[in-house]
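Reading through the structure tokens given below for one structure.
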Amino acid sequence: MVRLSERVLALKPSATLAIDAKAKSLKDQGVDVINLSVGEPDFDTPETIKDACIRALKEGFTKYVATPGILSLREAICQKIKTDYGFEYKVDEVIVTTGAKQAIYNLLLALVNPGDEVLILSPYWVSYPEMVLCAGGVPKIVPSSFIKRFEPSLDDIKKAMSPRTVGIILNSPSNPTGLIYSQSFFRDLAEFLRSNNLWVISDDIYDKLRFDLKKPENILSTDPGLRDKVFLVNGVSKTYAMTGWRIGWALGPREVISACAKIQGQSTSHATSFAQKGAEAALKLSDEVVMDMVRTFTRRAELLTQELHKIQELEFIPPQGAFYFFVKVSAYYGKVSPTGKRIVNSISLADYLLEEAKVAIVPGIAFGEDDFIRISFALSEGALLEACKRIREALSKLS
Ligand SMILES: Cc1ncc(COP(=O)(O)O)c(C=O)c1O
């Protein structure tokens, strides 16, 4: 028998992808499932982006390109970061990757030595701890609490640290909470980071999807002085409804970005050539296209807030961005379904909602918080209303 590596044996499969697969398989069997587990916008990729890609294909742009990405896309990324944040980056401080996911993974491979600890703020995106493990590091989870809007204090962060701590991953607006870290959180952390030798991966994948329509912000906009230790990760997946295109990027100090290129050069080479042309067209689109999507998400968030409030046992903080609600459901733990199944945690509740309500959601344990479930609102208002009705009915059957 072939022996699998310890690395892969230690790895958990992506819980969000697993739920999504379960929902899709039920759908294929003809079951009317409403899938609120998805992490992708339901909008179609704008036509101009598709056209740019088709043009590139027709013009034969189908060969190997530069490992860190085509120059014109890297230039467009530098221009975009300047417009959005006012930051100046040069093309050799950018690497184009196969989705933001690979940007984070490349960075971790470039920055983490065996046994190094990386701070991850709970609740966290499912892939962070697993990626740190894969890179040989140790994920150190910083706890937070619902009453403090899931914002850890500097003390919480310090408590999770040891002499082996090398970096921290930030994500705001957050998947799964949809919340944006406060100015004071960023200020306190920035001040601490100035006098500590930690790097930061700032996962800004939802930065434009904020319902207050304000300019995006991150730790570097709070303190530009941190530039030599901050890595900015972003991509086109969420902002332009381009999840399947697999284009992301990282910006940061040249030395580390070239280390990422070295890793990428020996693994995937580069992101798909013609998809990069599509991404370039996306970055040149007017912000109005994105704002239209944001307005739709805002309306849906308001609708869901209203509908979920009708279920008294649920507790949640309405999101400020992204397209997720992180809902406290532990009031149902200990209750029993009509078929005699006891709800004991977020996984059993997710299973029950899929079986009884035919609604797929992600159990909070996947994000490190078992008292919660994540509901995505990347679906039409009609589907969301129907899903809320089904959830309400199913939950009312628990006794
Ligand atoms: C917080 C966060 N970071 C990164 C990603 C990865 O995005 P991409 O599709 O660009 O790989 C996701 C996707 O779900 C995400 O939610």
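With numbering that gives the first Met the number 0, the residue at position 201 of the sequence shown is 200, and numbering never jumps.
A virtual CB, placed ideally from N, CA and C, is assigned to each residue, including glycine.
Residue i burial status per 10 Å Cβ neighbour count (16 or more: buried)
i, result
"I390", "buried"
"G114", "exposed"
"H269", "buried"
"R373", "buried"
"E92", "buried"
"P484", "One cannot answer for residue 484 here, as it falls past the ends of the chain, which runs 0 to 398."
"G243", "exposed"
"P40", "buried"
"Q101", "buried"
"K157", "exposed"
"V287", "Note that residue 287 corresponds to Glu in the displayed sequence, not to Val. With fewer than 16 other Cβ atoms within 10 Å, it is exposed."
"M0", "exposed"
"K237", "buried"
"T164", "buried"
"S24", "exposed"
"Y63", "exposed"
"S266", "exposed"
"K214", "exposed"
"T97", "buried"
"N30", "The question names Asn, but residue 30 is Val in the sequence shown. With fewer than 16 Cβ atoms within 10 Å of its Cβ, V30 is classed as exposed."
"G367", "buried"
"P67", "buried"
"V95", "buried"
Identified DSSP bridge partners for residue i
i, result
"N233", "W248"
"K139", "L118"
"L169", "S201"
"R209", "G320"
"P362", "I372"
"V335", "R341"
"F325", "R373"
"N34", "A359"
"T164", "E116"
"I94", "A249"
Member of the options whose CA lies at the smallest distance from the CA of residue i
i, options, result
"E392", "Q319, Q311, F376 and C52", "Q311"
"T338", "L352, F325 and K327", "L352"
"L35", "T15, D27, R245 and R341", "T15"
"I360", "S398, D227, F184 and V37", "V37"
"Q182", "D155, L197 and E150", "E150"
"E5", "K334, F325, V117 and E129", "E129"
"L284", "T44, A9 and L3", "T44"
"E380", "S347, R298, D350 and G367", "R298"
"F296", "T97, F322, N112 and Y63", "F322"
"I218", "G29, Y84 and A22", "Y84"
"D227", "D202, A240, E216 and V255", "V255"
"N112", "I119, I53, Y127 and G136", "G136"
"N195", "A240, S161 and Q28", "S161"
"A22", "D350, K214 and D154", "D350"
"I18", "L8, V7 and V32", "V32"
"D222", "Q78, M241, A240 and F184", "F184"
"D187", "R2, S152, P172 and A159", "S152"
"Y239", "V7, A20 and F42", "F42"
"Q305", "G177, K388 and N344", "K388"
"T82", "S220, K327 and V229", "S220"
"G59", "L307, N344, T271 and D369", "T271"
"P12", "E116, D27, Y127 and K26", "Y127"
Within 9 Å, strictly: CB atoms of residue i and residue j
i, j, result
"L225", "A189", "yes"
"L302", "L383", "yes"
"F376", "G363", "no"
"L378", "A365", "no"
"V199", "G234", "no"
"L192", "I80", "no"
"A258", "I48", "no"
"A55", "K276", "yes"
"I246", "A109", "no"
"F325", "T61", "no"
"L282", "Y331", "no"
"L397", "S329", "no"
"I342", "K334", "yes"
"I168", "D202", "yes"
"L118", "L197", "yes"
"A260", "C52", "no"
"A65", "Y104", "no"
"G177", "A300", "yes"
"E216", "S173", "no"
Cβ-heavy atom distance, residue i to ligand 3, below 8 Å
i, result
"I374", "For ligand 3, the structure offers nothing, since it holds only ligand 1."
Worksheet entry | Three-pair Cβ contact test at 8 Å for the region 245-255 versus the region 87-94 | Touching, per the Cβ criterion.
Worksheet item: Okay, do the region 107-126 and the region 71-78 touch, 3+ Cβ pairs below 8 Å being the bar?
Response: By the C-beta criterion, the region 107-126 is judged not to be in contact with the region 71-78, since fewer than 3 inter-stretch pairs fall below 8 Å.
Item to complete: Could you tell me whether the region 191-208 touches the region 347-359, using the rule of 3 or more Cβ pairs below 8 Å?
Response: The region 191-208 makes no contact with the region 347-359, as fewer than three CB pairs between them are under 8 Å.
Item to complete: Please determine if the region 291-302 and the region 137-148 are in contact, where contact requires at least 3 C-beta pairs separated by less than 8 Å.
Response: Output reads no: the region 137-148 does not touch the region 291-302.
Discussion item. Three or more C-beta pairs under 8 Å: does that hold for the region 314-325 against the region 209-223?
Written reply: Short answer: they touch.
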